[in-house]
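Protein chains in written order, with this note's numbering: chain A, 294 to 503; chain B, 294 to 503.
Inspection log for the structure reproduced underneath, given as structure tokens.
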């Protein structure tokens, strides 16, 4: 998979020997995501960085597809001719970070003041509940696109808000709630989304019993 | 997802109140897999059982597909018209079991005396290495179809055999090696493949430093 620095230069895995040109490149002080990359691409990029550096092993799960018709012009080149997108039964990302199971969902909103619950499904909430019950680290990476702000929001908080809205409370999580109970993640050069730093903070917080 | 008892009766989630008919059903003493189920289906079934009983949260990852062409007759019914199977970059199954990250691959062979390495890919071995390095529980569930025997074989052993065959050693793992270094899993009623019992044994073994 080819990926690029925010300045558009292709990434090459020779960190110890940067070319003179790369070394001369000034670091941007503010990064608003890599040009033209979706949140998913930014996370895939970050996960690849974390894997290369043996920090964690996290992948996005493939999109689940219901295959209906396949042609086999040659066995090695089966062509799927009819298939449908299925709703995922779990969250999109999982893996292992220093012995701990991590499980998360990544979501964007165009809203500036709150994160609507319609971005989530009941089965994802139940999946979080089951994983937390087993001792997993579960969260959502929320991006407020108009604000270009990213947060790690703990699944424990999400679940309590979700259960409340089922009982009639507000149908979204306010930005101030996200700021107060989440952990902001600032875009940087590599990994572009350093979400494991936020996970470290989350772990410290839960060790304090907060 | 509908699933069935080995006798073909559909499974209904009312364990506490079995119907009289089900209660009278004698338990089979030997089970050779559910009729007509593939190893994948047996494992999905077992994972569903484990999830329902809050024992573990493990899923098979969806098959990765490269989508080339999608028709949108209506937004809710997008039809994939051209797509191709991609090689998975990881193993097929992962999840969490009592706080521990588990990661495994399930493979069948028609061979009676050995498990050929052609069932594995280099990137799967590297994935195991990376996950073990993070403290994950990694293994293969091997099925010798003609023998109807199932084993959990630790990824640590697999990696050492793989590295040796790259250096010219045998291109398969002998059945006696699998018997000696793996843990046999006997089919049972529910879950049909009780592989977490074998994981418990694996953990005991590694705690003893064997």
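For every residue, glycine included, the Cβ atom is placed at its ideal position computed from N, Cα and C.
For clarity, every value in this text was computed on a predicted model and none was experimentally measured.
Please confirm whether residue i has its beta-carbon closer than 8 Å to some beta-carbon of chain A.
{"i": "residue 314 (chain B)", "result": "Here residue 314 (chain B) scores only 42 on pLDDT, less than 50, and its place in the model should not be relied on; the value that follows carries that caveat. Chain A contact via Cβ: absent."}
{"i": "residue 378 (chain B)", "result": "yes"}
{"i": "residue 337 (chain B)", "result": "no"}
{"i": "residue 344 (chain B)", "result": "yes"}
{"i": "residue 387 (chain B)", "result": "yes"}
{"i": "residue 341 (chain B)", "result": "no"}
{"i": "residue 474 (chain B)", "result": "no"}
{"i": "residue 481 (chain B)", "result": "no"}
{"i": "residue 504 (chain B)", "result": "With chain B running from 294 to 503 in the structure shown, residue 504 (chain B) is simply not present."}
{"i": "residue 390 (chain B)", "result": "yes"}
{"i": "residue 448 (chain B)", "result": "no"}
{"i": "residue 423 (chain B)", "result": "yes"}
{"i": "residue 461 (chain B)", "result": "no"}
Using a Cβ-Cβ distance under 8 Å, would residue i count as near chain B?
{"i": "residue 438 (chain A)", "result": "no"}
{"i": "residue 501 (chain A)", "result": "no"}
{"i": "residue 433 (chain A)", "result": "no"}
{"i": "residue 356 (chain A)", "result": "yes"}
{"i": "residue 409 (chain A)", "result": "no"}
{"i": "residue 412 (chain A)", "result": "no"}
{"i": "residue 317 (chain A)", "result": "Reliability of the predicted coordinates at residue 317 (chain A) is poor, the pLDDT of 42 falling under 50, and the value obtained from them is presented with this limitation in mind. It does not: the Cβ of residue 317 (chain A) has no partner Cβ on chain B nearer than 8 Å."}
{"i": "residue 399 (chain A)", "result": "no"}
{"i": "residue 417 (chain A)", "result": "no"}
{"i": "residue 383 (chain A)", "result": "yes"}
{"i": "residue 352 (chain A)", "result": "yes"}
{"i": "residue 492 (chain A)", "result": "no"}
{"i": "residue 394 (chain A)", "result": "yes"}
{"i": "residue 347 (chain A)", "result": "yes"}
{"i": "residue 324 (chain A)", "result": "Residue placement at residue 324 (chain A) is flagged as unreliable, the pLDDT there being 48, under the threshold of 50; the coordinate-derived value follows with that caveat. Cβ-Cβ to chain B under 8 Å: no for residue 324 (chain A)."}
{"i": "residue 504 (chain A)", "result": "Any answer about residue 504 (chain A) is impossible in this case: the structure gives chain A only from 294 up to 503."}
{"i": "residue 371 (chain A)", "result": "yes"}
What residue does the alpha helix (DSSP H) around residue i start on, and which one ends it?
{"i": "residue 449 (chain B)", "result": "448-459"}
{"i": "residue 500 (chain A)", "result": "488-500"}
{"i": "residue 342 (chain A)", "result": "332-345"}
{"i": "residue 415 (chain A)", "result": "415-426"}
From this set, the options, which residue's C-alpha is nearest residue i's C-alpha?
{"i": "residue 336 (chain B)", "options": "B:374, B:478, B:449, B:357", "result": "B:478"}
{"i": "residue 356 (chain A)", "options": "A:498, A:385, A:389", "result": "A:385"}
{"i": "residue 339 (chain A)", "options": "A:461, A:501, A:490", "result": "A:490"}
{"i": "residue 329 (chain A)", "options": "A:420, A:352, A:434, A:438", "result": "A:438"}
{"i": "residue 379 (chain B)", "options": "B:419, B:472, B:471, B:359", "result": "B:359"}
{"i": "residue 429 (chain A)", "options": "B:453, B:381, B:353, B:388", "result": "B:388"}
{"i": "residue 412 (chain A)", "options": "A:418, A:343, A:400", "result": "A:400"}
{"i": "residue 426 (chain B)", "options": "B:433, B:394, B:456, B:457", "result": "B:394"}
{"i": "residue 452 (chain A)", "options": "A:381, A:420, A:473", "result": "A:420"}
{"i": "residue 414 (chain A)", "options": "A:377, A:456, A:390", "result": "A:456"}
{"i": "residue 344 (chain B)", "options": "A:352, A:461, A:498, A:422", "result": "A:422"}
{"i": "residue 435 (chain B)", "options": "B:480, B:462, B:461, B:392", "result": "B:480"}
If you drop the 5 nearest sequence neighbours on each side, which residues of the same chain put their C-beta closer than 7 Å to that of residue i?
{"i": "residue 374 (chain B)", "result": "362, 363, 364"}
{"i": "residue 454 (chain A)", "result": "466"}
{"i": "residue 342 (chain A)", "result": "483, 484"}
{"i": "residue 376 (chain B)", "result": "358, 359, 360, 361"}
{"i": "residue 462 (chain A)", "result": "none"}
Check whether the Cβ of residue i lies closer than 8 Å to any Cβ atom in chain C.
{"i": "residue 375 (chain A)", "result": "Among the protein chains of the structure shown, namely A and B, there is no chain C."}
Span of the beta strand (DSSP E) holding residue i?
{"i": "residue 470 (chain B)", "result": "From DSSP, residue 470 (chain B) is part of no beta strand (DSSP E) but of the alpha helix (DSSP H) over 468-474."}
{"i": "residue 399 (chain B)", "result": "393-402"}
{"i": "residue 484 (chain B)", "result": "Where residue 484 (chain B) is concerned, there is no enclosing beta strand (DSSP E), given that its DSSP letter is neither H nor E."}
{"i": "residue 387 (chain A)", "result": "386-390"}
{"i": "residue 359 (chain B)", "result": "358-364"}
{"i": "residue 405 (chain A)", "result": "That residue, residue 405 (chain A), is in no beta strand (DSSP E); it is neither H nor E in DSSP."}
{"i": "residue 374 (chain A)", "result": "372-378"}
{"i": "residue 433 (chain B)", "result": "430-437"}
{"i": "residue 464 (chain B)", "result": "Note, residue 464 (chain B): premise wrong, no beta strand (DSSP E); not H, not E."}
{"i": "residue 353 (chain A)", "result": "350-353"}
Counting only the same chain and skipping the five closest in sequence on each side, list residues whose C-beta sits under 6 Å from that of residue i.
{"i": "residue 424 (chain B)", "result": "396, 431"}
{"i": "residue 314 (chain A)", "result": "Any reading at residue 314 (chain A) needs caution, since the residue's pLDDT is 42, under 50, leaving its predicted position unreliable; the model's value is listed next. For residue 314 (chain A), where only same-chain residues beyond five positions count, there are no Cβ hits under 6 Å."}
{"i": "residue 450 (chain B)", "result": "474"}
{"i": "residue 458 (chain A)", "result": "410, 464"}
{"i": "residue 460 (chain A)", "result": "none"}
Give every residue of the same chain whose Cβ lies closer than 8 Å to the Cβ of residue i, excluding the five residues on either side of it in the sequence, and list them in chain order.
{"i": "residue 382 (chain A)", "result": "357, 416, 420"}
{"i": "residue 495 (chain A)", "result": "430, 432, 445, 447, 476"}
{"i": "residue 492 (chain B)", "result": "390, 395, 430, 432, 445"}
{"i": "residue 366 (chain B)", "result": "372"}
{"i": "residue 353 (chain B)", "result": "333, 336, 337, 340, 385, 386"}
{"i": "residue 497 (chain B)", "result": "none"}
Quiz prompt | Three CB pairs or more closer than 8 Å across the segment 394-409 of chain B and the segment 456-473 of chain B | solution = Yes, the segment 394-409 of chain B touches the segment 456-473 of chain B.
Quiz item: Pairing CB atoms from the segment 397-405 of chain B with CB atoms from the segment 433-451 of chain A, are three or more of them under 8 Å?
Solution: Contact fails: fewer than three Cβ-Cβ distances are below 8 Å.
Exercise. For the segment 484-494 of chain A and the segment 338-353 of chain A, state whether three or more C-beta atom pairs, one from each stretch, are separated by less than 8 Å.
Key: Cβ pair count under 8 Å is three or more, so yes.
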